[in-house]
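To convert, take the position in the sequence shown, counting from 1, and add 423; that gives the numbering used here. A virtual CB, placed ideally from N, CA and C, is assigned to each residue, including glycine.
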Amino acid sequence: MTGKRILYVSSDLSPFSSETTISLSVLKATKLMQSMGNDIRIFIPRFGIINERRHQLHEVIRLSGMNLMINDVDHPLLIKVASIPDARLQVYFIDNEDYFKRKAMYEDENGIFFPDNDERALFFTKGVLESVKKLNWSPDIIHIYGWISSFIPLYIKNFYKKNPIYRNTKIITSIYNTPFKGSMNKDIIKKIKIDGIKSKKLKLLENPNYFNLIKLCMSFSDAIIKGDLSFPKEIDDYLEKNKLLVFKYYPVEKIETVYQQFYKKTVLEQIN
């Protein structure tokens, strides 16, 4: 597969974060797809734990300066960029003083899930999708990783459904059996509805825990990749009941041999 525009949206990415299954998977996938002649864009949150000086992040003035409405409050969007060492790949970082300055990803020093993680995920979602619009770059595929990216399918299929940038975009979601502790703010449905989204599937978020968030994400995705070997029965049952297109688990070291086949034969041919 070559000549396709592929957008990767992830919670983390090596070497900007620690080496995890997600951060290494995204690194391998992006390098492979670029080497095959595809046009790649990558977005991740600019968490406060990322060392801007070490990784030489700098602001992209032409993309920054927008205000994003979250729960009826304007929040300024900052876009920063850096390059992956040894690869000609640019990484865009979604930043905001209120949501991403803190020196932690999702929990405070006592291991408590941040009460505004729902708004941080919504800000990240809108920041990515508005930035891609401003780039005037229409992705053939959006591949998302990590729960903080989980609202992207919902917003593309609802809030942005009439936007020509995303009209023909296919969404792949990699899911992982790595639940966060507790749940998101129970007002999350109200905050999403402020944007005019009225999907009945939002009912899943009446109990906004990790696996219900993943179910919502999968329900608006075109295909699913299992990033772990095993999942709770409720996830396997949801996949089967909704007849979602699922690619079985492969370890990180095999991604380079299987992703290209999955993108081409499953997403770009069978779903069309």
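Tell me the DSSP secondary structure of residue i in three-state form.
i: Tyr393; result: Missing from the structure shown is residue 393; the chain here goes from 424 to 695 and no further.
i: Tyr589; result: helix
i: Glu442; result: coil
i: Phe582; result: coil
i: Ser448; result: helix
i: Ser642; result: helix
i: Phe516; result: strand
i: Phe603; result: coil
i: Thr453; result: helix
i: Ser597; result: strand
i: Val496; result: strand
i: Phe685; result: helix
So that I know if they touch, is there some Cβ in chain B lying closer than 8 Å to that of residue i?
i: Asn600; result: Absent from the structure is chain B; it holds one protein chain and no more.
At which residues does the alpha helix (DSSP H) containing residue i begin and terminate?
i: Phe523; result: 520-523
i: Arg476; result: 475-478
i: Ser493; result: Per the sequence presented here, residue 493 reads as Ile, with Ser not at that position. Counting along the chain, Ile493 falls outside any alpha helix (DSSP H), though it belongs to the beta strand (DSSP E) covering 490-493.
i: Ile472; result: It is not in any alpha helix (DSSP H) - Ile472 carries neither H nor E in the DSSP assignment.
Buried or exposed for residue i, going by 16 or more other Cβ atoms inside 10 Å?
i: Thr601; result: exposed
i: Ser448; result: buried
i: Pro562; result: buried
i: Leu652; result: exposed
i: Glu542; result: buried
i: His481; result: exposed
i: Ile535; result: exposed
i: Val555; result: buried
i: Ser644; result: buried
i: Asn474; result: exposed
i: Thr425; result: exposed
i: Lys503; result: buried
i: Arg485; result: exposed
i: Gly619; result: exposed
i: Trp560; result: exposed
i: Arg464; result: buried
i: Asn630; result: exposed
i: Lys638; result: buried
i: Thr518; result: Checking the sequence shown, residue 518 turns out to be Asp, not Thr. The residue is buried, with at least 16 neighbouring Cβ atoms inside 10 Å.
i: Ser446; result: buried
i: Ser433; result: buried
i: Lys616; result: exposed
i: Tyr655; result: Note that residue 655 is Pro in the sequence shown here, rather than Tyr. Pro655 should be labelled exposed.
i: Pro468; result: buried
Spatial neighbours of residue i within its chain, please: C-beta separation below 8 Å, excluding the five flanking residues on both sides.
i: Lys623; result: none
i: Leu415; result: This structure gives no information on residue 415, because the portion of the chain shown stretches from 424 to 695.
i: Gln457; result: Ile463, Ala510, Arg511, Leu512
i: Gln479; result: Ala505, Ser506
Got a sec? Which residues, its chain only, sit under 7 Å from residue i by beta carbon, not counting five neighbours each side?
i: Leu545; result: Ile493, Phe574, Lys614
i: Phe470; result: Phe523, Met528
i: Phe603; result: Tyr529, Phe536, Trp570, Tyr633
i: Asp521; result: His498
i: Lys580; result: Phe643
Taking the beta strand (DSSP E) that residue i falls in, what are its first and last residues?
i: Lys503; result: 501-506
i: Ile463; result: 462-468
i: Ile615; result: Unbroken run through Ile615 is the alpha helix (DSSP H), 611-616; no beta strand (DSSP E).
i: Arg428; result: 428-432
Can you list, in chain order, the residues of its chain with a C-beta nearer than 6 Å to that of residue i? Leave out the 5 residues immediately preceding and following it.
i: Lys609; result: none
i: Lys454; result: Ala510
i: Leu577; result: Phe643
i: Tyr673; result: Val681
i: Leu430; result: Arg464, Pro562, Ile565
Starting from the N-terminal side, write out each stretch of the alpha helix (DSSP H) that is 4 residues or longer and does not extend beyond the segment 539-578. If we require 4 residues or more, the alpha helix (DSSP H) runs fully inside the segment 539-578 come out as 540-558.
Q) Fully enclosed by the segment 646-678, which alpha helix (DSSP H) runs are 4 residues long or longer? A) Qualifying alpha helix (DSSP H) stretches, in chain order: 656-664.
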